[in-house]
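Residue numbers (the working numbering): 61 to 429.
Here the structure comes first, spelled out in C-alpha cells, and everything after it is commentary.
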Ligand code: N2P
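The following block contains the structure:
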C-alpha cells in the first residue's frame, strides 16, 4: 500500500516487497521502471544501484508469470526491465515483445555461468534476449513439527506422495495446505509424478495431471504464489507446493520472529522443475541506458551474492560464490548436487492451445467444477 502510493506519486522507489501489488509506473528521465518477482532481491540492491548510477528505480513486483505476460502482450507496459521465467521469455520472444540485448553494454555478461547459458540458449537462441537473474526449484515446504506429528517423521517430505496421495495430504488439511497459483508449473509437476512427460502437449495426458490435482483439491486451502511465505512462517500453513528460496525465507522469518515454528524445504526424489528467471528489455522500453545499467549491476559478483544471501535463490554468477554465505552455498536444497540436478526438468515453451487448456483446467480446479 505504502509502496503503491509512493509509486503513484512518483515520490520514491520502493525496495524489496513482501507482497504482490506494487505497481511500477513510467517515470521517464532518470527513472528506470523495473518489474520483478516479489521477495526476490536484497534490501540494499536498489538503493545501491541508485547511489552508484544516479538513476532512480521505480520498482514493482508480481508473483505470477501469467500476470506479467498479460501486461507484456497488451503492450505499453511502461517497464524497462522485466523478469519472466525462461519458458515464458521463450514464447514472448516469439511474440516480438523484447529487444535483442547489446551485450557490449553489459560488461559483466562474460561472468555468467557458461553451462547455464547453454541450457538457456535452447529457448533463447544465441542468448540474444535475456540474461539470467536467479534460478531455483519448485518443491515442498513444510512445518517440521506438524509433519512429524502426522507421520512420525519428516521422511515423507522426500516424495511427492505427501502431496499427491489423498490419504497423506488429508492429514495436513487442518493445519493449512497451499499450492502455487500457476498451472504452467503445477501441472508439469503432477505429470512428472505420474511418470508422464512433464512438458507433454497431448490433451489426454494433461487431463491425467488435472485428474490427479482434482483428487487432492478438497485438501487445498489456498492457491497463491507469494502469501505462503508468511503463512508458513507464522504457522498458518503447514504444507506448501512452492519455490525453494521462498520457503527458506519463511524458515528464516520464523527464526527471526522466534515464534517456535520450524520450516523446511525438500526437493522430492521423483524430481521437479528447475526454473530460471530472465532479465529482459521490452521493445518499447523508454530508458535503455537505465535498463542496461540495472541489468549489468545485478550481474556484479558482489551484488549477485548479496541477492542470493538475502533470498536463498542461487545466482548465475560463479564469481559471486566466494561471497555467498557458506550455509547457503553448502545447502543442497539451494544448490542441488549433481545427482539431484539429474532429476530436475526444464519447463518447455507452452503452445497457445496447451496454454488455453491449462487455463481451463486450472479454473475448474480452483472453482471446484
Ligand atoms: C520469488 C519467486 C520467484 C521464483 N518470490 C519463480 N520464478
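A virtual CB, placed ideally from N, CA and C, is assigned to each residue, including glycine.
Keep in mind that this is a model prediction, so the values were computed, not measured.
Nearest to residue i (by Cα), restricted to the options the options
i: residue 303; options: 97, 400, 199; result: 199
i: residue 353; options: 156, 150, 111, 166; result: 166
i: residue 285; options: 366, 201, 367; result: 201
i: residue 410; options: 425, 258, 91, 325; result: 258
i: residue 106; options: 357, 371, 425, 241; result: 357
i: residue 250; options: 219, 232, 97; result: 219
i: residue 329; options: 157, 204, 153, 399; result: 399
i: residue 402; options: 288, 348, 331; result: 331
i: residue 231; options: 241, 279, 383, 370; result: 279
i: residue 377; options: 146, 297, 364; result: 364
i: residue 334; options: 374, 227, 299, 103; result: 374
i: residue 195; options: 412, 390, 372; result: 372
i: residue 428; options: 128, 225, 253, 277; result: 277
i: residue 146; options: 408, 324, 419; result: 408
i: residue 182; options: 260, 423, 336; result: 336
i: residue 388; options: 366, 129, 355; result: 366
i: residue 413; options: 266, 380, 351; result: 266
i: residue 361; options: 384, 269, 349, 346; result: 384
i: residue 252; options: 269, 240, 239; result: 269
i: residue 248; options: 314, 234, 406, 160; result: 406
i: residue 217; options: 90, 314, 324; result: 324
i: residue 93; options: 347, 380, 416; result: 347
C-beta contact flag for residue i and residue j at 8 Å
i: residue 359; j: residue 169; result: yes
i: residue 237; j: residue 281; result: yes
i: residue 246; j: residue 301; result: yes
i: residue 326; j: residue 393; result: yes
i: residue 131; j: residue 137; result: yes
i: residue 60; j: residue 306; result: The shown model of the chain, from 61 to 429, leaves out residue 60, and the question about it has no answer.
i: residue 185; j: residue 340; result: no
i: residue 117; j: residue 126; result: no
i: residue 203; j: residue 322; result: yes
i: residue 157; j: residue 95; result: no
i: residue 122; j: residue 342; result: no
i: residue 244; j: residue 395; result: no
i: residue 404; j: residue 197; result: yes
i: residue 134; j: residue 370; result: no
i: residue 426; j: residue 224; result: no
i: residue 115; j: residue 350; result: yes
i: residue 176; j: residue 192; result: yes
i: residue 149; j: residue 188; result: no
Near the ligand N2P: residue i beta-carbon under 7 Å from a heavy atom
i: residue 145; result: yes
i: residue 196; result: yes
i: residue 405; result: no
i: residue 286; result: yes
i: residue 219; result: no
i: residue 100; result: yes
i: residue 422; result: no
i: residue 335; result: yes
i: residue 103; result: no
i: residue 241; result: no
i: residue 262; result: no
i: residue 306; result: yes
Counted within 10 angstroms of its Cβ, other Cβ atoms place residue i as buried (16 or more) or exposed
i: residue 210; result: buried
i: residue 271; result: exposed
i: residue 190; result: buried
i: residue 255; result: exposed
i: residue 319; result: exposed
i: residue 382; result: exposed
i: residue 172; result: buried
i: residue 151; result: buried
i: residue 422; result: buried
i: residue 215; result: exposed
i: residue 449; result: Outside the displayed range of the chain (61 to 429) lies residue 449, so it cannot be described from this structure.
i: residue 386; result: exposed
i: residue 390; result: exposed
i: residue 311; result: buried
Residues sharing a beta bridge with residue i, DSSP
i: residue 166; result: According to DSSP, residue 166 bridges with nothing at all.
i: residue 187; result: None, per the DSSP bridge assignment.
i: residue 441; result: The requested residue 441 is not part of the displayed model; the chain covers only 61 to 429.
i: residue 200; result: 301, 326
i: residue 97; result: 122
i: residue 195; result: 336
i: residue 363; result: Bridge partners of residue 363: none, in fact.
i: residue 342; result: 158
i: residue 389; result: The partner list for residue 389 (beta bridge, DSSP) is empty, contrary to what the question assumes.
i: residue 239; result: 283, 301
i: residue 92; result: 117
i: residue 404; result: 332
Proximity test, Cβ basis, 8 Å: residue i and chain B
i: residue 262; result: Considering every chain present, this structure includes no chain B. It has just one protein chain.
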